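This report concerns only the one structure given below.
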Amino acid sequence: MSDQLLWPIETQLHHPTVTELALSPDGRQLVFAMEEPVIRDDESKFVTQLHLVGADGARRQLTYGAHSNRTPQWSPDGHYLAFISDRSGKPNLYVMRTDGGEAWALTSFDKSAVGNPVWSPDGQRLAFLMTPPDEAKEKAGKQKDDAIRWDVDFDFAHIYLIDFAPGNQKAPEAIQLTAGRFHVINVAWLADGAGLALCHMPNPEANQWPETRLATVPASRKAEDSPLGADDLQDLDLLASWNPEILVTPAGQIITSKGDLPARWAFSTQLAVYSPAGGTPQLLARTPDEQPNIIGHSADGQEIYVAEEDGVATQLFAVPLDGGPARPLLTERTVAQPVAANKAGQLAAITQWFHTPPTPALWAGATGRFNPLT
């Protein structure tokens, strides 16, 4: 076999990997997070940086340096990009203009890591997840009184809210929205911006997935208000799903993935539609592999786009809200990962195949293919 066809570990380590993708509201620009190795005599790590590519193929790097920048999120108007960076030590929330300029910090936590940022529909606030700083725990650690009680002491992630502020204004104070002995794993704004949908489970342990639940919580909190506990959540359903994603349609429906009951396998799910007001969910058509990854919705909100493995390739499906069968979208064999959508129903992906390197691409619906941006 020719050495040119081999895939040695050295080549694998130095091969850039795209880990995340975000499509602009107008569908003309993509931002992706690319992970690359840093291997020196005194350190060995991976660093992730953000890159932007336009519909014309023009590309520019947005972030630089020795620290990672990831989880890009476009503002609803497309003028700003929120992301997570560990440039100050702990991962914090930063924002930059999409037309260029320096990024600025919205948060500056030095004890806990910020994650999962989500813009409100009006672009005036962001929600994010974080384990609340615990001064008593930190003090006990310094005193070496840091024994961990099994199945008792957990680091619970909770929802925080922060007002958006341009870079020339003082950074606002983040407000802790939820607290208590439950672990939030995902969050999305409701269509009216008055509340959030969240998936949570009793604690962060992986074997708690059969107890994953869907709920909503109001977002009208002030700095002086106490955080909301488990009893303040409006419970919608038991999901029994490993890592349920949340999508909110233009009409306000909450879409997530629901497992079988009684729980039998963490990854076997189908899409379910919920009203924020509660009630019995509507189950949608199953996909062939029963492992749909939610991407987004069609422009009219009547179909949900999901991605699923199809052998060694990827297949995209449109799952109708009227209960009709899942409709395959891709007519070509390709690996599309990650895949992103905007609220206009446009799709983008990083595509690759055996002899084609990872390439940013935009969806051309009529052809059933992704068009590379080159």
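All residue numbers in the sequence shown are consecutive under the working numbering, ending with 375.
Even for Gly, the Cβ is constructed at its ideal location relative to N, Cα and C.
All figures in this text were calculated on a predicted structure; none of them were measured in a lab.
Could you tell me whether the Cβ atoms of PRO339 and GLU21 are closer together than 8 angstroms?
Judged by beta-carbon spacing, GLU21 lies within the 8 angstroms limit of PRO339, meaning their Cβ atoms are closer than that value.
For LEU199, the residue or residues it bridges with in DSSP
For LEU199, which the question treats as bridged, DSSP gives the partners VAL188, ALA216.
Pick out whichever of LEU331, TRP190, ALA114, ALA286 has its Cα sitting closest to the Cα of THR368.
Cα-wise, what sits closest to THR368 is LEU331.
If you draw a straight line from the C-alpha of LEU347 to the C-alpha of ALA365, how long is it?
The amino acid occupying residue 347 in the given sequence is Gln; Leu does not appear at that position. When rounded, the distance between both Cα atoms is 9 angstroms.
Can you tell me whether ASN93 is helix, strand or coil according to DSSP?
Under the three-state reduction of DSSP, ASN93 is assigned to strand.
How should MET2 be labelled, buried or exposed, when 16 other C-beta atoms within 10 angstroms of its C-beta is the threshold for buried?
Bear in mind that a pLDDT of 46 at MET2, under 50, signals an unreliable position, so the model cannot answer this.
Hey, how far is the Cα of LEU272 from the Cα of SER258?
LEU272 and SER258: Cα-Cα distance of roughly 5 angstroms.
Taking the alpha-carbon positions, what's the ALA59 to PRO133 distance?
Each residue's alpha carbon lies about 41 angstroms from the other.
Residues sharing a beta bridge with ASP236, DSSP
ALA216.
Helix, strand or coil for THR335, going by three-state DSSP, please let me know.
Three-state DSSP puts THR335 in coil, outside helix and strand.
Given that a residue counts as buried once 16 or more other Cβ atoms are within 10 Å of its Cβ, and exposed if not, what is SER121?
Counting Cβ neighbours within 10 Å, SER121 comes out buried, since at least 16 surround it.
Helix, strand or coil: how does DSSP classify THR368 here?
DSSP places THR368 outside both helix and strand once states are collapsed to three, so it counts as coil.
Look up GLU11 in the DSSP assignment and say whether it is helix, strand or coil.
Correct three-state label for GLU11: helix.
Start and end residues, beta strand (DSSP E) containing SER299
Counting along the chain, SER299 falls outside any beta strand (DSSP E), and DSSP gives it neither H nor E.
Cutting at 6 angstroms between CB atoms, please list the residues of its own chain near ARG287, excluding the five before and the five after it.
The residues GLN271, in chain order, have a CB closer than 6 angstroms to that of ARG287 in the same chain once the five nearest residues on each side in sequence are set aside.
Is the CB-CB distance between GLY194 and ASP87 below 8 angstroms?
With contacts defined by Cβ atoms closer than 8 angstroms, GLY194 and ASP87 do not form a contacting pair.
Member of PRO293, PHE165, THR49, PRO361 whose CA lies at the smallest distance from the CA of ALA319:
Among PRO293, PHE165, THR49, PRO361, the Cα nearest to that of ALA319 belongs to PRO293.
Select from ALA314, PRO326, GLY260 the residue whose C-alpha is nearest the C-alpha of GLU333.
Ranking ALA314, PRO326, GLY260 by Cα distance to GLU333 puts ALA314 first.
SER86 lies in the beta strand (DSSP E); which residues open and close that run?
First-last of the beta strand (DSSP E) with SER86: 81 to 86.
Within a Cβ cutoff of 8 angstroms, which residues of the same chain sit near ASP111, ignoring the five residues on either side of it in sequence?
Correct list, in chain order: SER89, GLY90, LYS91.
Using alpha carbons as the reference points, say which of PRO289, ASP164, ARG29 lies closest to LYS223.
With distances taken between Cα atoms, LYS223 lies closest to ASP164.
For ALA166 and ILE160, I'd like the C-alpha separation in whole angstroms.
Each residue's alpha carbon lies about 19 angstroms from the other.
If you count every other CB in all the chains shown that lies within 10 Å of the CB of TRP376, and 16 or more means buried, which is it?
Nothing can be reported for residue 376: it is not among the residues displayed for the chain, which extend from 2 to 375.
Secondary structure at GLN292, three-state DSSP: helix, strand or coil?
In this structure, GLN292 counts as coil in the three-state DSSP scheme.
Sequence-distant residues of its chain with Cβ nearer than 6 angstroms to VAL54 (five each side left out)
Within the same chain, VAL54 has close Cβ partners LEU31, ARG60, PRO361, LEU374.
Would you report the Cα separation of PHE33 and PRO73, rounded to the nearest angstrom?
PHE33 and PRO73: Cα-Cα distance of roughly 7 angstroms.
Taking the straight line between their C-alpha atoms, what separation do you get for SER227 and THR179?
Here the alpha carbons of THR179 and SER227 stand approximately 9 angstroms from one another.
Run the CB neighbour count on GLU11, radius 10 Å, all protein chains shown included, and call it buried at 16 or more, exposed below.
Exposed: under 16 other Cβ atoms inside 10 Å.
Specify, as a first and last residue, the run of the beta strand (DSSP E) that LYS46 falls within.
That run of the beta strand (DSSP E) goes 45 to 55.
Given a cut-off of 8 angstroms on the beta-carbon distance, is the pair ALA198 and VAL115 in contact?
No.
Candidates VAL218, PRO17, LEU191: which alpha carbon is nearest GLN254's?
Residue LEU191 is the option with its Cα nearest to GLN254.
Looking at ALA128 and LEU162, is the spacing between their C-beta atoms short of 8 angstroms?
Yes, Cβ-Cβ distance for LEU162 and ALA128 is below 8 angstroms.
Cβ of ALA172 within 8 angstroms of Cβ of LEU234?
The answer is no: Cβ separation not under 8 angstroms.
Opposite PRO1 in the DSSP bridges: which residues?
Residue 1 falls outside the range modelled here, since the chain spans only 2 to 375, and no answer is possible.
I'd like the list of long-range same chain contacts for ASP236, defined as Cβ closer than 7 angstroms, with 5 residues on each side in sequence excluded.
These residues qualify, in order along the chain: ARG214, ALA216.
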